[in-house]
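In the working numbering, the protein residues as written are 37 to 281. Yeah, the Cβ is synthetic: ideal placement off N, Cα and C, and Gly gets one too. Note that the structure is predicted; figures quoted are calculated from it, not measured. Worksheet: the structure to be examined is printed underneath.
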């Protein structure tokens with residue numbers, strides 16, 4: 037026997053109320069689709085930080101064209117001149133929770149945008165508290181403090197999504213990795229499989245009354261990313277932060 041209109045209306049109201057309660061219990065994310073922040077980097081240049089959108093595929097391609105050959109080899113572990121449509125979809129059509137991506141753009145007088153950097157992390161499928169990060173900055177904007185700005189916000193966005201560790205891969209055959217093992221052995225988890233060394237960096241948690249930026253600066257992950265950015269530490273970016281083949 038079909039429910040009466042009044043019974044159906046009561047059931048719908050109860051269902052809507054349950055959803056309202058559930059939604060009210062979920063914490064508001066600072067870094068969501070509405071996030072937009074203007075920052076001044078060294079030299080006085082202003083950049084706008086916002087989440088990556090599906091419409092940013094053109095900006096991503098233009099940014100790739102402004103990376104030097106050395107920066108491309110470093111970021112993509114080899115020569116890279118373009119992206120396939122599938123790769124562009126993967127890198128720009130992100131869900132913001134398991135695959136998070138934030139871009140830095142420079143606004144033109146006509147309102148146009150120029151992409152100058154991108155930071156992302158991808159949550160591990162088998163370990164929801166872990167993720168692989170990556171930060172890419174075009175050469176003209178490197179060494180201006182933008183990497184530090186993006187890393188701080190990437191860590192904050194990861195923490196509010198339940199991420200507790202970032203992990204990165206390195207090749208044991210590279211002589212610099214031996215120093216890495218010594219430097220980070222006490223505070224990081226190091227996993228070895230064949231020639232690949234995976235280092236897990238706990239995300240910094242501010243002490244009582246401490247700012248996240250101060251907690252980040254004293255953390256091992258900050259020191260590691262500084263070493264990676266200046267080429268002193270050869271990271272091997274995995275397929276999750278590139279585009280799966």
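Bounds of the alpha helix (DSSP H) holding residue 185 are 182-195.
Residue 188 is classed as buried because its beta carbon has at least 16 other beta carbons within 10 Å across all chains shown.
With respect to residue 88, residue 137 sits close: the two C-beta atoms are nearer than 8 Å. Note on geometry: alpha-carbon atoms of residue 151 and residue 98 lie some 8 Å from one another.
Annotation: the continuous beta strand (DSSP E) that includes residue 143 extends over 135-143. When the beta-carbon positions are compared, residue 239 and residue 194 come within less than 8 Å of each other.
Under the criterion of beta carbons closer than 8 Å, residue 204 and residue 235 qualify as touching, at roughly 6 Å.
Taking the C-beta atoms as reference points, residue 126 is found no nearer than 8 Å to residue 153. With contact defined as three or more Cβ pairs closer than 8 Å, the segment 62-72 and the segment 114-123 are not in contact. By the 16-neighbour rule on beta-carbons within 10 angstroms, residue 145 is exposed. Looking at the DSSP output, residue 168 bridges to 158. Cβ neighbours of residue 105 within its own chain (closer than 7 Å, five residues either side excluded): none. Pairing residue 103 with residue 95, the inter-Cα distance amounts to about 13 Å.
Contact check for residue 77 against residue 180 passes: the beta carbons are separated by less than 8 Å.
For residue 85, the enclosing beta strand (DSSP E) begins and ends at 82-87. When the Cα atoms are used, residue 243 and residue 128 turn out to be separated by approximately 35 Å.
Around the C-beta of residue 190, 16 or more other C-beta atoms lie within 10 Å, and the residue is accordingly described as buried.
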